[in-house]
Each structure stands twice: as C-alpha cells, then as structure tokens.
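Have a look at the structure below, then the notes.
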Amino acid sequence: MAWLILLASAVCEAVWAVALDRSNGFTEPVPVAVFLVGLALSMAGLGWAASSLPIGTAYAVWVGVGATLTVTYSMVTGSEGVSVAKLLFIAGIVAAVAGLKMTRSGTTDSSRPPSPDLR
C-alpha cells in the first residue's frame, strides 16, 4: 500500500509543479488553489509512505516519478521541446525508479531503527 500512496503523491507533485507554472507568479486563483491542494496531498503522501519505506528510496522515487511526469506533460503540451537525449534521460529515470522498487532494502516496519529525537 505504501508504494501506491507514494506513486499517487508523486502524481500530485507533478500536478502542483504544473499548477505553479500556470499560476503566473501566484496571480491566478485557480492554479494557486490547485497548487496548494496538490502540494498538501503530495507531502502528506510522501510522509505516510516514508513511515513504511526507507526515506532515501521513498524520496528518490517521489522526485523521479514527479519529475518524469512533469517533463513528459511539458513535452506533450508543447511548452518544452522534445529531443532524443531528453527521452533517453527520462527513460533512465524510469529505469532507476523501477530498480529501486525491485531492490530489497532489508528494512521493514518492525526492524526499522527508531528515529533520533530531533528536539
């Protein structure tokens, strides 16, 4: 379940990134609202997933999927150019995310060391 939440929060990351671009410096109310909701959902999902997954893996997957979706959206809508190199690098990000999913970290909820007290 943590992986599904993580992927959904990565989609929300792409949504808030696009909404941020569309907000024209926070002057357009609808994109600003979409940005705020997307940001909150994205962060909440990452936080929840990180309670079950190693934070390094969770964060890398979250950023990788979000960045891939954002760049892909920009290329599809024509706001960013398409090149063979760009497509190859996006494929590399996707491969790295898939690789992280397929590796075992050896850490589960029950064997995870306690977090340090940051007070």
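To convert, count from 1 in the sequence shown and add 9; that's the numbering used here.
Backbone N, C-alpha and C define an ideal beta-carbon position, used for all residues, glycine too.
Setting aside the 5 residues that flank it on each side, M111 has no residue in the same chain whose C-beta is closer than 6 Å to its C-beta. The alpha-carbon of A42 is positioned some 8 Å away from that of A28. A Cβ-Cβ contact shorter than 8 Å links L15 with G54.
Around the C-beta of P38, fewer than 16 other C-beta atoms lie within 10 Å, and the residue is accordingly described as exposed. Taking a C-beta distance under 8 Å as the contact criterion, G56 and W25 do not qualify as a contact pair. By the CB criterion at 8 Å, A19 and V74 fall inside the cutoff.
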